[in-house]
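What follows is a single structure, written as structure tokens, with notes after it.
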Amino acid sequence: MKLNETTAAQNTVFSGRIITVCDDEVVLENGKRTRREVVYHHGGVCVVPFDGENTYLVRQFRYPYKEVVRESPAGKLEPGEDPLECGKRELEEELGAVAGRYTDLGRFYPSPGYTSEVIHLYLAEELSFTQQNLDEDEFLEVEKLPLRRAAEQILSGELVDGKTQAAILKAAALRGLLGEGRR
Numbered sequence: 013m014k015l016n017e018t019t020a021a022q023n024t025v026f027s028g029r030i031i032t033v034c035d036d037e038v039v040l041e042n043g044k045r046t047r048r049e050v051v052y053h054h055g056g057v058c059v060v061p062f063d064g065e066n067t068y069l070v071r072q073f074r075y076p077y078k079e080v081v082r083e084s085p086a087g088k089l090e091p092g093e094d095p096l097e098c099g100k101r102e103l104e105e106e107l108g109a110v111a112g113r114y115t116d117l118g119r120f121y122p123s124p125g126y127t128s129e130v131i132h133l134y135l136a137e138e139l140s141f142t143q144q145n146l147d148e149d150e151f152l153e154v155e156k157l158p159l160r161r162a163a164e165q166i167l168s169g170e171l172v173d174g175k176t177q178a179a180i181l182k183a184a185a186l187r188g189l190l191g192e193g194r195r
């Protein structure tokens, strides 16, 4: 098996500032045709700021869920933008911090069944704090908590944002903070 699908036709249903939605006709490897609804997105970045003990989350209202969500600093990539540069920008904008060292934690596919979005994950260390520089339509609060506690909140279901879960668990594992886990 090749495990491949080829695009036979693409119909753009919606094109906005952040996403493009298409209804694609694809050819399966057995020659049959089917449809794929796809949300195309330029991708994003998620940064785990870590001062040696604590991480910093931002709390912001997320309209699709109609609730305040706690997340690591994050943002969307502009077309062609370097993910690390985006992460540095978002860390300074949302947290008011600059990091002396970044560690690449890999990529995260938030929902591969219908979106092309890829989120790049980073650990930011050697923090120095400057001043927040939020976008005019951005309203958030900063929360500081031990990285180990953030990992525990993920495991208990208190911290529900997917990109934050992946990034914090990777950062905690890298820094040896996950312990033995639950049995």
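First residue of the sequence shown? That's 13 in my numbering, and the numbers climb one at a time after it.
Note that beta-carbon positions come from the ideal geometry of N, C-alpha and C, so glycine has one too.
Drop a sphere of 10 angstroms on the beta-carbon of residue i, count the other beta-carbons inside from all chains shown, and report buried for 16 or more, exposed for fewer.
i, result
"D116", "exposed"
"K14", "exposed"
"L103", "buried"
"P158", "exposed"
"K175", "buried"
"F120", "buried"
"Y68", "buried"
"L189", "buried"
"L146", "exposed"
"S84", "buried"
Determine the contact status of residue i and residue j, defining contact as a CB-CB distance below 9 Å.
i, j, result
"A111", "E137", "yes"
"R71", "V154", "yes"
"G118", "T142", "no"
"E128", "V51", "Residue identity differs from the one stated: residue 128 is Ser in this sequence, not Glu. In this structure, V51 lies closer than 9 Å to S128 by Cβ."
"C34", "T18", "no"
"V60", "A179", "yes"
"E150", "E93", "no"
"A20", "V57", "no"
"L96", "Y114", "yes"
Nearest to residue i by alpha carbon, out of the options?
i, options, result
"G64", "L139, S84 and I180", "L139"
"L133", "E41, D147 and L181", "L181"
"V172", "F151, L152, G87 and R82", "R82"
"E41", "L189, N16, H54 and G125", "N16"
"D53", "E148, R29 and Y75", "Asp is not the amino acid found at residue 53; the sequence shown has His there. Closest option to H53, Cα to Cα, is R29."
"P122", "Q144, Q177, S27 and I166", "Q177"
"P124", "K88, R48 and L96", "R48"
"R160", "L135, P91 and N66", "N66"
Among all the DSSP beta bridges, which residues are the ones paired with residue i?
i, result
"H53", "I31"
"R45", "V39"
"V59", "Y134"
"A185", "Per DSSP, none; premise fails for A185."
"V229", "The question about residue 229 has no answer, for the chain in this structure spans 13 to 195."
"N16", "N16 is not bridged to any residue."
"L69", "E155"
Exercise for the section: Enumerate, from N- to C-terminal direction, the unbroken alpha helix (DSSP H) stretches of 4 or more residues contained entirely within the stretch 74 to 110. Expected result: 95 to 107
Handout entry: Inside the stretch 107 to 179 only - beta strand (DSSP E) runs reaching at least 3 residues
Key = 109 to 120, 131 to 141 and 153 to 158
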